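Start counting the sequence shown at 0; every next residue gets the next number (numbering that gives the first Met the number 0). Positions of the beta carbon are idealized from the N, C-alpha and C atoms, including for glycine. Predicted, not measured: the structure shown is a model, and the values here were computed from it. Remarks on the structure that follows.
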Amino acid sequence: MPHSMKERWCALPRLIAVRQVAAGADVVTEPTTQPWGYAGAFADPDGHLWMVSVDSGS
0 MPHSMKERWC
10 ALPRLIAVRQ
20 VAAGADVVTE
30 PTTQPWGYAG
40 AFADPDGHLW
50 MVSVDSGS
């Protein structure tokens, strides 16, 4: 389990993506570290694209 608040926030996009895939979404971009923070994208069952991101805090 993550220990720092930053680790907890960075886990959020991955947790959201897992729940969305379980509901029928397709992962477009796996949640991963980006230059601005941590982000991932998915397409909902209707084809709409969604991005979930967390600022790096820097």
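Nearest-angstrom Cα separation, counted from residue j out to residue i
i	j	result
Phe41	Asp54	18 Å
Tyr37	Ala16	12 Å
Arg13	Gly46	19 Å
Gly23	Glu29	15 Å
Thr31	Leu11	11 Å
Contacts around residue i, its chain only, beta-carbon distance under 7 Å, and the 5 residues preceding and following it disregarded
i	result
Trp49	Ala40, Phe41 and Asp43
Proximity below 8 Å, CB of residue i to CB of residue j
i	j	result
Val26	Val20	yes
Proximity test, residue i beta-carbon vs the ligand ATP heavy atom, cut-off 7 Å
i	result
Gly46	Absent from the structure shown: the ligand ATP. Ligands present: none.
Contact set for residue i: own chain, Cβ-Cβ below 8 Å, skip 5 residues either direction
i	result
Trp35	Ser52, Asp54 and Ser55
Contacts around residue i, its chain only, beta-carbon distance under 6 Å, and the 5 residues preceding and following it disregarded
i	result
Gln33	none
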